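Chemist:
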Amino acid sequence: MQLTPEFKLRVAVRLLEGMASTWWDGAKGKYGNTVTWENFRQEFFAQYYSDFEVNAKRREYTLLTQGGKMTVRQLEHKFRELAEFIPEYVCDENRMVNHFWDALDLEVRERATQLPNMTFSQVVEQGLKGEKQWEERKKRDAEEAKKRKWESHGSQGSNKKGNHGGGSFRAPPLPSRGNQGPRRHDSGSQVSGTPRCLNCKKSHLRKCREPPRCFQCGNTGHLKAHCPQLGGPRSSGPSSRATGTRNQAGGSQVTRGQGGASASNAPSVNQGRTQARVYAMTEADAQANPDSVAG
Numbered sequence: 001m002q003l004t005p006e007f008k009l010r011v012a013v014r015l016l017e018g019m020a021s022t023w024w025d026g027a028k029g030k031y032g033n034t035v036t037w038e039n040f041r042q043e044f045f046a047q048y049y050s051d052f053e054v055n056a057k058r059r060e061y062t063l064l065t066q067g068g069k070m071t072v073r074q075l076e077h078k079f080r081e082l083a084e085f086i087p088e089y090v091c092d093e094n095r096m097v098n099h100f101w102d103a104l105d106l107e108v109r110e111r112a113t114q115l116p117n118m119t120f121s122q123v124v125e126q127g128l129k130g131e132k133q134w135e136e137r138k139k140r141d142a143e144e145a146k147k148r149k150w151e152s153h154g155s156q157g158s159n160k161k162g163n164h165g166g167g168s169f170r171a172p173p174l175p176s177r178g179n180q181g182p183r184r185h186d187s188g189s190q191v192s193g194t195p196r197c198l199n200c201k202k203s204h205l206r207k208c209r210e211p212p213r214c215f216q217c218g219n220t221g222h223l224k225a226h227c228p229q230l231g232g233p234r235s236s237g238p239s240s241r242a243t244g245t246r247n248q249a250g251g252s253q254v255t256r257g258q259g260g261a262s263a264s265n266a267p268s269v270n271q272g273r274t275q276a277r278v279y280a281m282t283e284a285d286a287q288a289n290p291d292s293v294a295g
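Residue 138 in the UniProt record's numbering sits at position 138 of the sequence shown, with consecutive numbering throughout.
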């Protein structure tokens, strides 16, 4: 439908309200009674759409994209709104179609179909189809991620329940001293419940058949109490069981057991003299030492 310039002017003036109507009453005075449609457009755009505002709208239209923030319908409405400020775009539908297609998100374009010679309505329809498929894909991915998360939590819960009795951890009770089994000491005297012999350093339950060894130097023939490394006298031979010797100094009975240890059945006298000791020696050693008492 073709409208004459005079008719356009009458319609536009009747649509003005409030401040806009007051503004036009003052602006048309300089034209007298010969106001044309072009005069109205020039005054109207100068008042409400300056070059600065029009250029700003052009830049916004040129840079317009969906950007993951708008739906396809919202993009369409914004696109049509800004296109009114760029008449060359409104008059060239093919240019509008290409611009709208490029403004769609990549995920939407990948699921839409770019038909040849599309109209603006068709490109909007293709955008809606691509958007629907993209939303369905995101929904499936979210459901699968949620399912994997619950499965992962469930498997972890089962492991905790199996390992800790229902998911709660309790430290095992410490055994009482009376019920403690054989423990491995730093000295290694016990291994696997069998005591280790301190003489031969082997684990056995029977009586040790090895000759007695000194715990100080590890040699045989004397005990630690008589070890030369500790300053004690060196024994001349293996110890033997001795009986019935008396201390020459005090006359008390001294009995020497195996290993050279001695004990007295009489009270020890510590006032001014040393406790008597008994050593294994040969007859020649006894004769050479007049202070010794032989049994």
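Even glycine gets a Cβ: it sits at the ideal position worked out from N, Cα and C. From a predicted model like this one, the values you see are computed outputs, not experimental measurements.
On a CA-only basis, which of R206, C200, K146 and F40 is nearest G218? Give me that one, please.
Modeler: Taking each of R206, C200, K146 and F40 in turn and checking the Cα distance to G218, the smallest one comes out for C200.
Chemist: Please name the residue in E136, N94, M118 and A20 whose C-alpha comes closest to that of V108.
Modeler: Its Cα nearest to that of V108, the residue E136 stands out among E136, N94, M118 and A20.
Chemist: Report all residues from its chain with a CB closer than 6 Å to the CB of L104; omit the five preceding and five following residues, and keep chain order.
Modeler: Result list for L104: Q66 and G127, in chain order.
Chemist: So which of E151, V123, L9 and A225 has the shortest CA-CA distance to C214?
Modeler: A225
Chemist: Please identify the residue among F7, L115 and M96 whose C-alpha is closest to the C-alpha of F40.
Modeler: F40 has its Cα closest to that of F7, out of F7, L115 and M96.
Chemist: For C197 and S203, I'd like the C-alpha separation in whole angstroms.
Modeler: 6 Å
Chemist: Could you give the distance in angstroms between the alpha-carbon of E53 and the alpha-carbon of F85?
Modeler: 10 Å
Chemist: Using the Cα positions of V72 and K138, report the straight-line distance between them to the nearest angstrom.
Modeler: Their Cα atoms are separated by approximately 16 Å.
Chemist: Should C208 go down as buried or exposed, given a rule of 16 or more other Cβ atoms within 10 Å for buried?
Modeler: C208 comes out exposed.
Chemist: For Y61, is the classification buried or exposed, using 16 other Cβ atoms within 10 angstroms of its Cβ as the cut-off for buried?
Modeler: buried
Chemist: Do P228 and T220 have their beta-carbon atoms positioned less than 9 Å apart in this structure?
Modeler: no
Chemist: Does DSSP classify S50 as helix, strand or coil?
Modeler: coil
Chemist: Can you tell me whether L230 is buried or exposed, with buried defined as 16 or more other CB within 10 angstroms of its CB?
Modeler: With fewer than 16 Cβ atoms within 10 Å of its Cβ, L230 is classed as exposed.
Chemist: Suppose only complete runs of 4+ residues qualify. What are the alpha helix (DSSP H) ranges in the region 10–80, listed by chain order?
Modeler: Runs of the alpha helix (DSSP H) inside the region 10–80: 19–27, 37–48 and 51–62.
Chemist: What separation, rounded to the nearest whole angstrom, lies between the Cα atoms of E131 and V123?
Modeler: 12 Å
Chemist: Rounded to a whole number of angstroms, what is the C-alpha to C-alpha distance between S187 and T194?
Modeler: Annotation note: pLDDT 44 at S187 (below 50); position unreliable, no value reported.
Chemist: Please classify P195: does DSSP put it in a helix, a strand, or coil?
Modeler: strand
Chemist: May I have the straight-line CA-CA distance separating F100 from K78, to the nearest angstrom?
Modeler: 11 Å
Chemist: So what's R213 in DSSP terms, helix, strand or just coil?
Modeler: strand
Chemist: Within a Cβ cutoff of 7 Å, which residues of the same chain sit near L75, ignoring the five residues on either side of it in sequence?
Modeler: Q66 and A103
Chemist: Look at the alpha carbon of M19 and the alpha carbon of Q47, and state the distance between them as a whole number of angstroms.
Modeler: 12 Å
Chemist: CB-CB under 6 Å to E43, same chain, minus the five flanking residues each way: which ones, in chain order?
Modeler: A27
Chemist: Need the endpoints of the alpha helix (DSSP H) that F100 sits in, please.
Modeler: E93 to A103
Chemist: By DSSP, does F169 sit in helix, in strand, or in coil?
Modeler: Its pLDDT being 49, under 50, F169 is placed unreliably in this model, and the value from its coordinates should be taken loosely. Coil, per DSSP.
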